[in-house]
Each structure stands twice: as structure tokens, then as C-alpha cells.
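The block underneath contains the structure these notes are about, expressed in C-alpha cells.
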Amino acid sequence: WLKFNSKDYEGALKALEEKPRAVTAYEMTFNELEEKAAEALNQNSSPAGWRTEKNRRIAVAFAPLAFILLGTVLGIRVKRGSRSIGIGMSLIVIFSYYGLLVSMVTLSSRGIFSPLLLTWTPNLIAFTAAGELWRRAAAL
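Structural data, given as C-alpha cells:
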């Protein structure tokens, strides 16, 4: 096994004694995000960034469902033997979704519009597109 000839605890102790770093929004729980949003309101500042992060986490959790619904209906519509078209369509859907998500989160974080609506916009578009494609596929 491993054996060490010396023990250097001084560096570790200094790191523990230093002021702890600030926790980012990505590391906070939902309750901590809500507390930060309430603090921001009490201090007359915008809680949009905290609420955006909370809504983004929930909205991104629904992205796989949107991709499944879109992918299955697109897979049904693509003719057999045209894999490159399927891969291309998949890449377009994924990059469009995440590009839209990033832009909506940016607008939402700046407090331009409702964090709830903006973070859910990519999902709403994806579910609407999937529903329309499924309706068309059922009519065939």
C-alpha cells in the first residue's frame, strides 16, 4: 500500500481557516434559491437571476421528454436507409433547443421578462412541434 514519509497538514489547515468561498446559484438547493430571491426583493434588487436558475432546473428536466416525443415522430417519418437525414435532424433539434434555452435564460436573468415563461419557452415550442407532427402522422 501507499506510505508517506511526511505529513503536511499545515496547507490543509490554512485552507480550512480561510474565508469560505461564496456558493454559486448552480450549487444551491431550491429553498436556498427562494431565500436568495426573497432577500433580493427585501433589498429592492431583482430576484430574476435566482428565479431563473430555479425554473431552468425544472424546465431542463423535461427536455428528454420533449426529445423523445420529437425523435419518435421524426423517426417514423424518415424513410428507411436515410440515417444521415435522421442524424442531421437530431442535431438541428438539439442545437435549436439548447440555443433557444441559453438565449431565454440570458434574457430572463436580466429581468427583461418573466423567468417562468422564458425558461419554459423552448419546452413549449418543442412540445407544440411534437404535438403537431404527431397529429400529422396520425392523419396519414
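Numbering (our numbering), first residue to last: 334 to 473.
Yeah, the Cβ is synthetic: ideal placement off N, Cα and C, and Gly gets one too.
The model shown is predicted, which means the values in this text are computed figures rather than measured ones.
- Contact between A392 and N456 is confirmed by a C-beta separation of about 6 angstroms, below the 8 angstroms threshold.
- Taken through DSSP and simplified to helix, strand or coil, L473 comes out as coil.
- Going by beta carbons, T452 and V435 fall outside the 8 angstroms limit.
- Distance between L473 and V406, taken at the CA atoms: about 12 angstroms.
- DSSP places P397 in the uninterrupted alpha helix (DSSP H) bounded by A396 to R410.
- Secondary structure note for V435: its alpha helix (DSSP H) is the uninterrupted segment R416 to S442.
- At a Cβ-Cβ threshold of 8 angstroms, L424 and A459 do not count as neighbours.
- Less than 8 angstroms divides the Cβ of L366 from the Cβ of A358.
- Within the same chain, L403 come within 8 angstroms of A462 by CB-CB distance, once the 5 residues on both sides are set aside.
- Around L466, the same chain offers L403, V406, L407 and R410 as residues with beta carbons nearer than 8 angstroms, after the five sequence neighbours per side are excluded.
- Here N388 is buried: its Cβ has 16 or more other Cβ atoms, across all protein chains shown, within 10 Å.
- Annotation for F400: V426, I427, Y430 and A459 place their beta carbon closer than 8 angstroms to its own, counting only its chain and skipping 5 residues before and after.
- Each of N375, T385 and A396 was checked against the Cα of M361, and the nearest Cα belongs to T385.
- The beta-carbon separation of A370 and W383, rounded to 4 angstroms, stays under the 8 angstroms limit for a contact.
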